[in-house]
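Residue numbers in the sequence shown follow full-length UniProt numbering, run continuously in steps of one, and reach 994 at the last position.
Using N, Cα and C, we set each Cβ at its ideal position, and we do this for glycine too.
Written below as structure tokens is the structure these notes are about.
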Amino acid sequence: MLSGSKDGGGLSAEYYSADNYYAADEGTGESSQWSGKGADRLGLTGKVDNAAFNGLRQGQLPDGTPLDPSSKQNSVEHSPQTEKDGAAGKERTPGWDMTFSAPKSVSLMALVGKDERLIKAAEKAAATAMAYMESNATTRVREGRVVREVKTANLVTSRFTQHTSRKGDPQLHLHNYIHNLTWNQNKGQWQAVHSPSLFAAKEATDRIFMASLREEARKAGYDVTPVDPHGNWEIKGVPTKVMEAFSKRRADIEQAAKATNAPLNRATMERLALITRPTKDQSKMPGNNTERWRAEAGERNTRTLDALAGQARLKATTISPLLNSRPLQDAGKAVHSIINLLDPRPAWQKPAQGIDGKTALQRAISHTTENSAVMHNSELITRAITFSHGDTPPTEILKAFSDALKSGQLVEAEKYKPGHVTTSDILKAERGLISTVKDASPSWTALAGHDVAAHAEDHALSKDQKQGFRAMLDGTQRYALVQGFAGTGKSYMVQAAHATLQKLSPDTRLLVLAPLHRQVEELRDKAHATLSQDGKLPANFEAATIARFVTDMQALQSAGKELPDMSNTHVVIDEAGLMGNKDAQALVSILENANAGRVVMMGDPKQKSAPSAGAPFIAMLKSGLKSARLDFIQRQKSANYLQAARLAATGKPGQALKAIGSALLETGKDSMEARAVAEWKSLPGALRSNALIVTTTRARRDEINSLIHEARLKDLSLTPEERLKGEGATHTTLVSLNLSETQRRHALGVRKNHVLVFNRNLRAIGVTKGDQLKVLKADPRTGRMILLKADGTRVQYQAPGDKHARPHYDAFQEKSLSLHEGEKLVWTKSFPKHGDIKANTDTTIVRIDRSHITLRDDKGIEQTFERTDPRLAHLNYGYAHTSVAAQGTTANPVIAVTGAADRYAGDQAHNYVALTRVGGPDAKNEHLVYVTDDKAKLTQRLNMNRPIPDSALAHLKAEPAKETPADAKQPEPVLQSSRDMNTPSRELDMGREK
Numbered sequence: 001m002l003s004g005s006k007d008g009g010g011l012s013a014e015y016y017s018a019d020n021y022y023a024a025d026e027g028t029g030e031s032s033q034w035s036g037k038g039a040d041r042l043g044l045t046g047k048v049d050n051a052a053f054n055g056l057r058q059g060q061l062p063d064g065t066p067l068d069p070s071s072k073q074n075s076v077e078h079s080p081q082t083e084k085d086g087a088a089g090k091e092r093t094p095g096w097d098m099t100f101s102a103p104k105s106v107s108l109m110a111l112v113g114k115d116e117r118l119i120k121a122a123e124k125a126a127a128t129a130m131a132y133m134e135s136n137a138t139t140r141v142r143e144g145r146v147v148r149e150v151k152t153a154n155l156v157t158s159r160f161t162q163h164t165s166r167k168g169d170p171q172l173h174l175h176n177y178i179h180n181l182t183w184n185q186n187k188g189q190w191q192a193v194h195s196p197s198l199f200a201a202k203e204a205t206d207r208i209f210m211a212s213l214r215e216e217a218r219k220a221g222y223d224v225t226p227v228d229p230h231g232n233w234e235i236k237g238v239p240t241k242v243m244e245a246f247s248k249r250r251a252d253i254e255q256a257a258k259a260t261n262a263p264l265n266r267a268t269m270e271r272l273a274l275i276t277r278p279t280k281d282q283s284k285m286p287g288n289n290t291e292r293w294r295a296e297a298g299e300r301n302t303r304t305l306d307a308l309a310g311q312a313r314l315k316a317t318t319i320s321p322l323l324n325s326r327p328l329q330d331a332g333k334a335v336h337s338i339i340n341l342l343d344p345r346p347a348w349q350k351p352a353q354g355i356d357g358k359t360a361l362q363r364a365i366s367h368t369t370e371n372s373a374v375m376h377n378s379e380l381i382t383r384a385i386t387f388s389h390g391d392t393p394p395t396e397i398l399k400a401f402s403d404a405l406k407s408g409q410l411v412e413a414e415k416y417k418p419g420h421v422t423t424s425d426i427l428k429a430e431r432g433l434i435s436t437v438k439d440a441s442p443s444w445t446a447l448a449g450h451d452v453a454a455h456a457e458d459h460a461l462s463k464d465q466k467q468g469f470r471a472m473l474d475g476t477q478r479y480a481l482v483q484g485f486a487g488t489g490k491s492y493m494v495q496a497a498h499a500t501l502q503k504l505s506p507d508t509r510l511l512v513l514a515p516l517h518r519q520v521e522e523l524r525d526k527a528h529a530t531l532s533q534d535g536k537l538p539a540n541f542e543a544a545t546i547a548r549f550v551t552d553m554q555a556l557q558s559a560g561k562e563l564p565d566m567s568n569t570h571v572v573i574d575e576a577g578l579m580g581n582k583d584a585q586a587l588v589s590i591l592e593n594a595n596a597g598r599v600v601m602m603g604d605p606k607q608k609s610a611p612s613a614g615a616p617f618i619a620m621l622k623s624g625l626k627s628a629r630l631d632f633i634q635r636q637k638s639a640n641y642l643q644a645a646r647l648a649a650t651g652k653p654g655q656a657l658k659a660i661g662s663a664l665l666e667t668g669k670d671s672m673e674a675r676a677v678a679e680w681k682s683l684p685g686a687l688r689s690n691a692l693i694v695t696t697t698r699a700r701r702d703e704i705n706s707l708i709h710e711a712r713l714k715d716l717s718l719t720p721e722e723r724l725k726g727e728g729a730t731h732t733t734l735v736s737l738n739l740s741e742t743q744r745r746h747a748l749g750v751r752k753n754h755v756l757v758f759n760r761n762l763r764a765i766g767v768t769k770g771d772q773l774k775v776l777k778a779d780p781r782t783g784r785m786i787l788l789k790a791d792g793t794r795v796q797y798q799a800p801g802d803k804h805a806r807p808h809y810d811a812f813q814e815k816s817l818s819l820h821e822g823e824k825l826v827w828t829k830s831f832p833k834h835g836d837i838k839a840n841t842d843t844t845i846v847r848i849d850r851s852h853i854t855l856r857d858d859k860g861i862e863q864t865f866e867r868t869d870p871r872l873a874h875l876n877y878g879y880a881h882t883s884v885a886a887q888g889t890t891a892n893p894v895i896a897v898t899g900a901a902d903r904y905a906g907d908q909a910h911n912y913v914a915l916t917r918v919g920g921p922d923a924k925n926e927h928l929v930y931v932t933d934d935k936a937k938l939t940q941r942l943n944m945n946r947p948i949p950d951s952a953l954a955h956l957k958a959e960p961a962k963e964t965p966a967d968a969k970q971p972e973p974v975l976q977s978s979r980d981m982n983t984p985s986r987e988l989d990m991g992r993e994k
């Protein structure tokens, strides 16, 4: 396992000096080594010299030259993580310590079983892993007001092999101290390492080390266990009790985790390892500890370890060389394929075959590109190693990655941050989509001859709403874009445009599409205000989700029928920013084939983007397609909340949080979820039912849901109408595992007790579409599973691999809910053919009896279900929502929850959504509360993590113009920029660091 920490003074400085960690005694078997391309440039080789090591920490090159920021020759632009280094007199970070810890069984065999080969194996594995981390190293350079990240791919590293834990147990671990300097070839000087580039590669570096060490242990003749989901493994045959007895430090950390009620995960373990780190027991430090450890293990266990080592050495000199030879491996694969082909047994009974590096990488690419058009290479490497189940040497996977770059399948996408890649297929798809939209033939004729600009004056529209109005209706082009901040009145503008269209061209069909059912219902409700006739919407008005529209049209195509002519249809796609590449391609293809009249894509590039790969709306905005902007915010009535919305919209999250003043609450060590619920309970009863609680993650959402459920059961301060009624019923629901198509094809991520819901009939095993089967056993290496049917019978099932167009099932985890009358719930899945149940829409329990549950939706329509109805498994408490689900809604009051460490979900887009949902009747009655655990850290993180579009084209480096001199200053690429009608001036630049 790899842990990383900064040498930033305080505890770290004491750690280095007091423990004498980097001055290992001769004769102990412990060693040190300079490594890295940067070390080679400095002439640092062999054993680490203490004087050179300490000099580099203090900011001096080995020849005594200072790394002085004021020096033109050796300037170092320092990273944000700095300390006051008294010796150098400068603000600088000396370096970072990346420590690899071998599995406990490896430590025991190497240090108690006296198999020194495993120490060399660990050093070799660490070297392989650190070479990968080094390839990702970057620095930062300033060009005017712009700071860019530049890849350097070289480090100066001091590696120290250590044998003893802080509790005196045998622990083989390797400190790789990365000194804070890297050679910038372009500038010809040493500069500071940009540490985020190291930590971005940390997970893959860890997996490479563990997988490489496992491979080396196998070559050394040891049998090893399968890897767990985190890449961990052990040598088979090492007594468990011995490993536990020599794991005193881990026991201390686990005890500390229990005392803090923190989840026992990797992040917690690493944090507590630093917090609880004791001073080393110097009486048990470098020296001859082997005999002491052997005595502590006992004679019987020592004999077991010695026997394992002897057997491994024998195997390594006889069988392992043959097994690891390339010709024999290739021959073995060929024989395995022939045997499998001739084997009459069903697939689930056949022996497993390991996959090569190229196949592992291809699966990683397929998995990752379902959700991201641009990804860090570390994500691909990590996934590829995981998907190989430890059967593929990491060097093969790294070579496959290199080959994919050389062949053009993978393409560097480093315009904003080095280390990122995309695929040629994604680039081709994005270029094709934009080309289709830009080159579409003129098709809009419904308002030919009408003065659209004059009719805009018929409505109480702001200046920018009038521009949007004209973009929606004027001209002859098929596609138009409207981008607008949250709360700028886009919905009202749509109503005005549709009312005008109905007046001037009553035969024109109106079609409104949106990603989520909740958004569709809100659009339909707002349309009633201007389009309803006798309380009903006109027959030519339709609203649907994008998925439903696309599915219905594709069904017609599959049946060989022609698509309806849409030349007289006005299509509005709301929240277009939530469309990924795949959805946008499917929708545009249908609209083209149906000859759509006018298609208006409307969205806000600052809000949450699609959960699937790509950001086509942003890419279209960059393409030069005709568009209008709405940036005059009208939703918020309170001056503070309005200012916060403006600042969040213009990329100033820190200032936005400051603008809400006392509405920003800090909990410190207390639970953010509990504080949010306390704020909810403090609201007047009439407001609690309307409150929108916006969270970063599903886990936070579920915790808040559970707390509000408990409050409605037990809290006497709530009104009688709010209290849940009846004895209640325990109900089992299904929570999606959100496995990718690749994972479902190969049963990756499926575990015992998960539930598979099948989406097609499988006659061979007697499964019907919609059946829910529990997993009794799953083998991720082969994709074989044993499943339990509802009638108690067991069936064997083989995951489809790449044989079918799509996987057979979706995977879920069971969750128990306590339900009572009056409970507010939300559907998590749609059932359009069974009662028109729609995902992400609210419903309330009216009655519960022994056999039935009656629900009432927000339209007042009631439905009664049998308690055993499988549809009821797709319900959840509906009190809180993630920011993705909350997008596109207006509410009052609003309670937002964002953890300072919610790095991915709690980004600038989440912050923007959270701050812009509130919209009350007036300033006095508008209510917003924003809960976090650390104001300063949250503000710092949001300010640093600028949003970057998930568009492959946007990430490509621009080719410099041929006529531009090489030394001329290049303008900073701008994603988008415009005036702001609310503030004097601003820039909307998602890629720029200011």
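Query, Result
"State the start and end residues of the unbroken alpha helix (DSSP H) segment that holds Y492.", "K490 to L504"
"Which residues in the same chain as A615 place their Cβ atom closer than 6 Å to its Cβ, once the five residues preceding and following it in sequence are excluded?", "S609, P949, D950 and S951"
"If L625 and L447 are in contact, beta carbons under 8 Å, what's the gap, nearest whole angstrom?", "That belief does not hold up - the Cβ atoms of L625 and L447 are roughly 20 Å apart, past 8 Å."
"Please report the distance separating the alpha-carbon of T164 from that of I178.", "21 Å"
"Give the C-beta separation of V775 and L787 to the nearest angstrom, bearing in mind that I take them to be a contact with Cβ-Cβ under 8 Å.", "6 Å"
"Run through DSSP, which three-state label would N176 get?", "strand"
"State the Cα-Cα distance for the pair N74 and P62, rounded to the nearest angstrom.", "Interpretation of N74 is limited by its pLDDT of 42, a score under 50 that renders its predicted location unreliable; the figure taken from the coordinates is listed afterwards. Each residue's Cα considered, the two are about 13 Å apart."
"Roughly how many angstroms lie between the CA atoms of G113 and K241, to the nearest whole one?", "15 Å"
"Would you call H746 buried or exposed, if buried means 16 or more other Cβ atoms sit within 10 Å of its Cβ?", "buried"
"Which residue or residues does DSSP assign as beta-bridge partners of K774?", "V755 and L788"
"May I have a chain-ordered list of the alpha helix (DSSP H) segments no shorter than 4 residues that lie completely inside the stretch 107-164?", "117-135"
"Evaluate S978 with the Cβ neighbour count: other Cβ atoms within 10 Å of its Cβ, from every protein chain shown; 16 or more gives buried, anything less gives exposed.", "Confidence in S978 is poor, its pLDDT being 30 and thus under 50, which makes the residue's placement unreliable; the coordinate value appears in the next sentence. Answer is exposed; the Cβ neighbour count stays below 16."
"Output yes or no for whether 7 Å exceeds the beta carbon distance between V913 and Q636.", "no"
"Can you check which of these residues, P800, I434 and N753, is closest to R744 by C-alpha distance?", "P800"
"Can you tell me where the alpha helix (DSSP H) holding residue 999 begins and where it ends?", "Nothing can be reported for residue 999, as the shown portion of the chain is limited to 1 through 994."
"In its own chain, which residues sit with a C-beta less than 6 Å from the C-beta of G95, not counting the 5 before and 5 after it?", "D7, Y177, I178, H179 and N180"
"Apply the 10 Å Cβ neighbour rule to E216 and answer buried if 16 or more other Cβ atoms are within range, or exposed otherwise.", "buried"
"Assign S662 to one of two classes, buried (16 or more other C-beta atoms within 10 Å of its C-beta) or exposed (fewer than that).", "exposed"
"Assuming the contact rule is C-beta atoms closer than 8 Å, H376 and A200 should be a hit. Round their C-beta distance to whole Å, please.", "6 Å"
"Please list the terminal residues of the continuous beta strand (DSSP E) segment that includes R856.", "H852 to D857"
"By how many angstroms is the C-alpha of P605 removed from the C-alpha of P515?", "15 Å"
"Tell me which same chain residues have a C-beta within less than 6 Å of the C-beta of I618, skipping the five on either side of it?", "P605, P949 and S951"
"Would you call H955 buried or exposed, if buried means 16 or more other Cβ atoms sit within 10 Å of its Cβ?", "buried"
"Quick check on F812: does DSSP put it in helix, strand or coil?", "strand"
"Between the alpha carbons of K622 and W444, how many angstroms are there, rounded?", "23 Å"
"Beta-carbon separation of L511 and T569 under 7 Å?", "yes"
"Tell me whether the beta-carbon of A312 lies closer than 7 Å to the beta-carbon of F209.", "no"
"Please list, in chain order, all residues of the same chain as T730 whose beta carbon is under 7 Å from its beta carbon, the five residues on each side excluded.", "S816 and S818"
"What does A880 pair with, by DSSP beta-bridge criteria?", "I693"
"Could you pull the DSSP bridge partners for A764 from this structure?", "According to DSSP, which records beta bridges pairwise, A764 is partnered with nothing at all."
"Express the C-alpha separation of G221 and E396 in angstroms, rounding to a whole number.", "21 Å"
"Taking only runs of the beta strand (DSSP E) that begin and end inside the stretch 166-227, which ones reach a length of at least 3 residues, in chain order?", "170-179, 182-184 and 189-191"
"Taking the Cβ atom as the reference point for each residue, do H175 and F160 lie within a distance shorter than 7 Å?", "yes"
"Within the chosen definition, does the stretch 926-942 reach the stretch 707-721 through at least 3 CB pairs nearer than 8 Å?", "no"
"Output yes or no for whether 7 Å exceeds the beta carbon distance between S638 and P394.", "no"
"Where does A880 land, buried or exposed, given buried means 16+ other C-beta within 10 angstroms?", "buried"
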